[in-house]
Every structure is written in structure tokens, then in C-alpha cells.
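Q:
In our numbering, the protein residues as written are -12 to 183.
1. As a quick exercise: from 11, 42, 3, 5, pick the residue whose alpha carbon is nearest that of residue -6.
2. Quick check: what's the CA-CA separation for residue 59 versus residue 100?
3. What ranges does the beta strand (DSSP E) occupy inside the stretch 92 to 166, keeping only unbroken runs of at least 3 residues that lie completely in it?
4. Which class does residue 15 belong to by DSSP, given the choice of helix, strand or coil?
5. Does the stretch 116 to 134 come close enough to the stretch 88 to 97 that 3 or more CB-CB pairs lie under 8 Å?
6. Could you spell out the range, first to last residue, of the alpha helix (DSSP H) harbouring residue -2?
7. Rounded to a whole number of angstroms, what is the C-alpha to C-alpha distance between residue 2 and residue 33?
8. Count the other CB atoms within 10 Å of the CB of residue 117; is the residue buried (16 or more) or exposed (fewer)?
9. CB-CB under 7 Å to residue 45, same chain, minus the five flanking residues each way: which ones, in chain order?
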């Protein structure tokens, strides 16, 4: 396992720089021999052996990455044939499937706070909307059943927007202060200020 190069981190340099020159002279060749040729040093002083032991795991990880990179890396995952091409339910079949799915019905009725009868009415209107799309865009079905369900949810939020809660106005003024006057921004001519 010979290599032409290896990664030498700044932390290696900074740790070795703190050592006496004779230990530095031992550790640099030991690192190079191990990283380039895979040879483990045999005769190192105790301090140099300690430094090498700390540096060795980083060299091993980088060597493993290098070897795996030579193999071409991870194999690409095989993807199943696109379900988009296989999906062929018509709008009518999609709506019928949503009508018959009891869990879906309960979820939608709870989310939109509607009854089952109202849900059926809205499904019929949704089918009309989809058939209009078929005529206008030539689109025969959704890309998937999940896409159909998402379209129904989106359409319901647009076709039947939830009523906005009205802010409650207190009947009694707590401080007994007169109400704050509303601003009158009508244009009365002139250039601002008080005109006569």
C-alpha cells in the first residue's frame, strides 16, 4: 500500500513543534514511513512513541478514505422505476377512493370542521374542478394519489376559506377614557398643514 501523498494536519505540526529536537527528528520520518508505505516504526523513544500513537488513528482514517476513493466510492442506489409513469387512476377513481377511505374522511372532516355529508359535496365539487383542469390543461390524472390528496386539501383551503375570528370589542371602557379618535385621511386640497 504505497501512496504518493498524505494529509498532514496543523495539529500534528503544533504538537510535534513542542517536542525537543531529537524527538522531532524521530517522529517526522516515522509519520512519513507509516503514511506513505504502511510501515510501523519499531525503534522510537517513549515520547516519540506516544506522539505517534496519538497521530496514527488520523492517518489510518485518511488512508481508508483514500483506498475507498480508489474503488470509486459508494455504489449508487438502484432506484425503482418511477411510480409517476405507473400511476394511472383517473380523477373519478381518485375521488371514489377518497370517498371510501374512512380514515381520510375522518381526518379531513376534523381538519376542516365539516360533516361527512359536506365532505361528499366538496368531493363532488373537487371532481368538477379536476375535470375542468382536464379540459383546460389536458391533464388526465394527478402524478400520485398523495398528490391528489394534497390538491384536495389545497383546493379546500382556497374554495372554502376558514372564517376569520372577529376581535372582541369590550362593551365597557375600563379606564372610562373616551375612545381614541380615528384619523381622517381625506384629501382637502392644499399642501399640508391647515388650509382655510
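Beta carbons are placed, not taken as given, at the ideal position from N, Cα and C, and that holds for glycine. In this text the structure is predicted, and so the values were computed from the model without any measurement.
A: Reading off the structure:
1. Against the chain shown, residue -6 aligns to sequence position 7. Considering only alpha carbons, the answer is 42.
2. As a working note, residue 59 is residue 72 in the chain shown. As a working note, residue 100 is residue 113 in the chain shown. Whole-angstrom Cα-Cα distance: 55 Å.
3. none
4. Taking the first residue of the chain shown as position 1, residue 15 is located at position 28. Residue state, collapsed to three classes: helix.
5. no
6. Here the question's residue -2 lines up with position 11 in the chain shown. Element bounds for residue -2: -3 to 4.
7. The residue labelled residue 2 in the question sits at position 15 within the chain shown. The residue labelled residue 33 in the question sits at position 46 within the chain shown. Taking the straight line joining both Cα atoms gives about 15 Å.
8. To locate residue 117, count along the chain shown from 1; it is residue 130. Buried.
9. Your numbering for residue 45 matches position 58 in the chain shown. Closer than 7 Å at the Cβ level, and outside the excluded window around residue 45, lie -4.
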